[in-house]
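Residue numbers (this note's numbering), protein chains in the order written: chain L, 68 to 407; chain S, 68 to 407.
In structure tokens form, the structure reads like this:
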């Protein structure tokens, strides 16, 4: 089969790779209908994360079940499925508490590489959620979004306790930040402030439910959020970048007793204890337990309540993955969908 | 009147000071029945916090209303009252959300100095809670505890979501940590693990409701908590020290999706972003909004359901304040009560 391999920062190739096979009785193999490039794939692409030799890429996927292992009981070939970027058993104590991304048997799907024609999915019963029927083609990007970027934005909004009567500020206008806006809207937030200085992203944020746009950053951005919230700060702040600047901006934009939900991978971020102490904010985040939300999100997609696939503004054949990475790196695209 | 003044680290004196008077129409002046030395008073005593010239000390108090300003409507002279270490209006948006320690009009009581015979309390209607009747003398230490150390331990337990079905670990065996054990018990926690290597404190922890005692610290302490929780970590961890070591121990002792409530004043603490990300814990803490809990806590004290005054193991006349500080500094006493 064909699949994406990163050889070095900036060096992404599509190559012939061995077809994945059932290795454990709990595995499934799926034919990938659509996959995509994640903001986190840019960390190694830009050299921020080290690349140790050729690495399979991709952890987001939606596709058709091709084959299942002997112990897989809830899935059958031909079903359309979506899974999280963590394989999880969905039965351990942490999974049952809604933290499937910390499943005691978790497997990072990135190690298996979803940017390919086929994908082996461990713990298939726990990991994959099937639609009632194979969906129409136009919904595939929406379902794909549920695999990570929507689920991650949704988790951020839940972690930030977005909901009725709350003002939500979103730091970060990447796909996750934009879908956190969508999530906050669905969760009933009263006011949603998107922080963005890019016109096309501002437009999408408004389409997803943003009521206000703040273009300022850093201290000026914090001051604007305070201005918009009676001097107190937002009830809920979503951090969807993962830098020191964005984390600081998020914590300082929240009111005392407010909530910061963070899902940006916190590279070189350090949170000052005294700042955290005096802020009186509640901080929660990390790798999103997308599996917790998948059934609900796939339902909202199936009945066309939400259209998270709108974040894919570049749609390429898998063979053109290199251009897909470059476009995101150069911020010419919000998010690239790849079709194997 | 007589009151405590700190002149330099280790130099605590009781001196003649001007009697406080009503300054604003919303003030009250109380005759202090009992006050005490806080763990946080040891920061300047030990030179960790800078002492800029002579400073009035003390922010915990219970006493009898002596005089009220013209606008005070809910209190009258002769009532026995307790207040938090923050004066707060209890009407602003942050107070109504339960964060009176971030009240937009808050006044730190430490600046006024409760280790004295009389105390001016700003925003008296919002700050002070009166008992139905002047309580018997043996309950005064319990009420005094509600002013900070009980309320702070209680907030830590609430912030850590201590409750039914949850295992709670408490890092820190000072008065706040011990009262966090009591709070966790009252809040219905299933299992309460006190981390302490001091026999007298272990005994008090067990009396307050601890089901287990862990004497190990650092990595060994974390490993013991994991052992006791099926390898997962505690659902709730309370941090009641305020050092890098204790904060790290707290975060690492919690399971993914668990909660860390921190109330130790985080001196020179820095929380690594990646550690926070991968931990998937929820972190909440800061200066406790004691006023939120005062009515409930005073009720539990009045009907003798709880006896938080047990943390005072040294009871001295105000004139002997210097010895009260020294005993706590040298860990000869858990907490010193001072009687003006």
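Beta carbons: idealized from backbone N, C-alpha and C, even for Gly. Since the structure is predicted, the reported quantities are computational estimates derived from the model, not experimental observations.
{"Item": "Alpha carbon of residue 204 of chain L to alpha carbon of residue 249 of chain S, nearest angstrom", "Value": "58 Å"}
{"Item": "Residue 403 of chain S, DSSP secondary structure in three states", "Value": "strand"}
{"Item": "According to DSSP, residues forming a beta bridge with residue 306 of chain L", "Value": "L:238, L:329"}
{"Item": "Alpha-carbon to alpha-carbon, residue 218 of chain S and residue 230 of chain S", "Value": "17 Å"}
{"Item": "Same chain only: Cβ atoms within 7 Å of residue 347 of chain S, ignoring 5 sequence neighbours per side", "Value": "323, 324"}
{"Item": "Near-chain A residues of the region 333 to 352 of chain S (beta-carbon distance less than 8 Å), N- to C-terminal order", "Value": "Here the protein chains are L and S, and chain A is not one of them."}
{"Item": "Bridge partners - residue 78 of chain S, DSSP secondary structure assignment", "Value": "S:75"}
{"Item": "Under the three-state DSSP convention, the category residue 170 of chain S falls into", "Value": "coil"}
{"Item": "Sequence-distant residues of the same chain with beta carbon closer than 7 Å to residue 362 of chain S, five excluded per side", "Value": "196"}
{"Item": "Helix, strand or coil at residue 388 of chain S according to DSSP, with G and I counted as helix", "Value": "helix"}
{"Item": "Close beta carbons around residue 289 of chain L, own chain, < 7 Å, minus the five adjacent residues each side", "Value": "316, 319, 320"}
{"Item": "Close-in-space but distant-in-sequence residues of the same chain around residue 281 of chain S (CB under 7 Å, 5 per side omitted)", "Value": "260, 262, 288, 291, 292"}
{"Item": "Rounded straight-line distance, which links the Cα of residue 222 of chain S to that of residue 423 of chain S", "Value": "A question about residue 423 of chain S goes unanswered here, because the residues of chain S that appear run from 68 up to 407."}
{"Item": "C-alpha distance - residue 257 of chain S paired with residue 268 of chain S, whole-angstrom precision", "Value": "21 Å"}
{"Item": "Listed by chain order, chain L residues near residue 161 of chain S by CB distance under 8 Å", "Value": "299, 322, 323, 324"}
{"Item": "Interface residues of chain S facing residue 165 of chain L [CB-CB closer than 9 Å]", "Value": "324"}
{"Item": "For residue 98 of chain S: DSSP bridge partner residues", "Value": "S:131, S:185"}
{"Item": "Range covered by the beta strand (DSSP E) that runs through residue 197 of chain S", "Value": "195 to 197"}
{"Item": "Amino acids of chain L, ordered along the chain, whose beta-carbon sits closer than 9 Å to that of residue 168 of chain S", "Value": "323, 347"}
{"Item": "Limits of the beta strand (DSSP E) - the one that residue 222 of chain S falls within", "Value": "First-last for residue 222 of chain S: 216 to 226, but that is the alpha helix (DSSP H), not the beta strand (DSSP E)."}
{"Item": "Cα-Cα separation between residue 127 of chain L and residue 307 of chain L, rounded to whole angstroms", "Value": "18 Å"}
{"Item": "DSSP state of residue 368 of chain S mapped onto helix, strand, coil", "Value": "helix"}
{"Item": "Any chain L beta carbon closer than 8 Å to residue 73 of chain S", "Value": "no"}
{"Item": "Close-in-space but distant-in-sequence residues of the same chain around residue 278 of chain S (CB under 6 Å, 5 per side omitted)", "Value": "258, 259"}
{"Item": "Beta carbon proximity, residue 262 of chain S to chain L, threshold 8 Å", "Value": "no"}
{"Item": "Distance, residue 134 of chain S Cα to residue 143 of chain S Cα", "Value": "7 Å"}
{"Item": "Below-8 Å beta-carbon distance, residue 124 of chain S vs any chain L residue", "Value": "no"}
{"Item": "Spatial neighbours of residue 236 of chain L in its chain, beta-carbon cut-off 6 Å, leaving aside the 5 residues before and after", "Value": "260, 292, 301, 304, 320"}
{"Item": "Min CB distance residue 314 of chain L to chain S below 8 Å", "Value": "yes"}
{"Item": "The region 69 to 81 of chain L touching the region 157 to 170 of chain L, judged by at least three CB pairs closer than 8 Å", "Value": "no"}
{"Item": "Residue 374 of chain S versus S:311, S:82, S:173, S:211, residue with shortest Cα-Cα distance", "Value": "S:211"}
{"Item": "Residue range of the beta strand (DSSP E) that includes residue 149 of chain S", "Value": "147 to 150"}
{"Item": "According to DSSP, residues forming a beta bridge with residue 103 of chain L", "Value": "L:404"}
{"Item": "Which listed residue (S:372, S:395, S:367, S:343) has its alpha carbon closest to that of residue 379 of chain S", "Value": "S:395"}
{"Item": "Buried or exposed (CB count within 10 angstroms, at least 16 for buried), residue 354 of chain S", "Value": "buried"}
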